[in-house]
Structure formats: structure tokens, C-alpha cells
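Asker: Once you know that position 19 of the sequence shown is 27 in this note's numbering, the rest is easy, because the numbers rise by one and skip nothing.
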Amino acid sequence: MELRIDPDSAVPIYLQIVQAIKHQVATGRLKPGVQLPTVRELATDLRINPNTVARAYDLLDGDSVITTQQGRGTYVRERPDNAHLARVRQEQLKTLVDSAVGKALSLGYTADEIREAFDAQMARWTRKIKS
């Protein structure tokens, strides 16, 4: 499982892990039944505290994305229903926008400048998609 975190992000590391795993499940890169790395393995790979990974796994378990079987490991649950996938997608979008807006505000951009930049990018992407 490939997972990247940004230690400089405004998004806490445990939420970055949650979002990355949810995204991989939603896009089919992580299939139902696939075993995830142990808390210790993932923490070692990412060079973070195991408690951070455990917190992410707890949230994912609470959201019915993964299941932990005592003594056997942590696995991706069977594919959630469409309503759940829609919620996951909305959460991912909100997080992406929050991160971008947070970074722009911290760099001193005004709300109007940020809104204009988003609108301009959306217009460019819309034109690309239509062509």
C-alpha cells in the first residue's frame, strides 16, 4: 500500500492517513479483503508514532472502512454502499479545499483572491474537459 503524508500540511497526520486510505478504497486501489500493514509497520514506514496510525485505524474502523480481527490483522471491509462512498468523496473534497484555503490564508491571500483563483482554475478545467 502506497501512502504519503505531508508533515507540513495543516491537516493532522492521522487524518491524512484516513483520507488516503478512504481514497484508495473509494477508487478501487485497495480492494475489499486486502490486509493493511500493522500499526507498527505503517508507523515505521511513515516514520511516525504508532499512536498516530492507531488513531487513524480507529477512525477508519468506526467509519466501517476497515475491520480489525484480533490476532489476524486489519482488512479492508467489503465495499460500502453508494451513499457511504458519496460521503467519503465529499469529505475528501472538503479536506482538499480546507488545506488549499488554509495554506493560501497563511500566505496572506485574501478570501476574494482565493475565490478568484479557484474560479479561474475551475474555468480552465471545465474548458479542458469540454475539449
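Glycine included, C-beta positions come from ideal geometry on N, C-alpha and C.
Please list the terminal residues of the continuous beta strand (DSSP E) segment that includes V84.
Answerer: G81 to V84
Asker: Closest to V26 by CA distance: which of G116, A62 and K39 is it?
Answerer: A62
Asker: State buried or exposed for V105, treating a residue as buried only when at least 16 other CB atoms are found within 10 Å of its CB.
Answerer: exposed
Asker: Taking buried to mean at least 16 other C-beta atoms within 10 Å of its own C-beta, is I74 buried or exposed?
Answerer: buried
Asker: Would you mind sorting K30 into buried or exposed? The rule is 16 or more other CB atoms within 10 Å of its CB.
Answerer: By the neighbour-count rule (16 or more Cβ atoms within 10 Å), K30 is buried.
Asker: Kindly identify the DSSP beta-bridge partner or partners of T75.
Answerer: Y83
Asker: Would you mind working out which of L44, A108 and A34 sits nearest R97, comparing C-alpha positions?
Answerer: A34
Asker: In terms of DSSP beta bridges, what is Q43 paired with?
Answerer: Y83
Asker: What do you get for L101, buried or exposed, if any count of 16 or more other CB atoms within 10 angstroms of its CB means buried?
Answerer: exposed
Asker: Report buried or exposed for L115, applying the criterion of at least 16 other Cβ atoms within 10 angstroms of its Cβ.
Answerer: exposed
Asker: Please go through the stretch 109 to 138 and give each complete alpha helix (DSSP H) segment of 4 or more residues, from N-terminal end onward.
Answerer: Whole alpha helix (DSSP H) segments, 4+ residues: 119 to 138.
Asker: State yes or no: is the C-beta of V84 within less than 9 Å of the C-beta of L44?
Answerer: yes
Asker: Figure out for me which residue from A64, E86, D127 and M130 has the closest Cα to the Cα of Y22.
Answerer: A64
Asker: Tell me which residues share the same chain as L38 and place their Cβ nearer than 6 Å to its Cβ, disregarding the 5 neighbours each side in the sequence.
Answerer: Only residues of its own chain outside the window of five on either side were considered, and among them Q32 and V84 have a CB closer than 6 Å to the CB of L38, listed in chain order.
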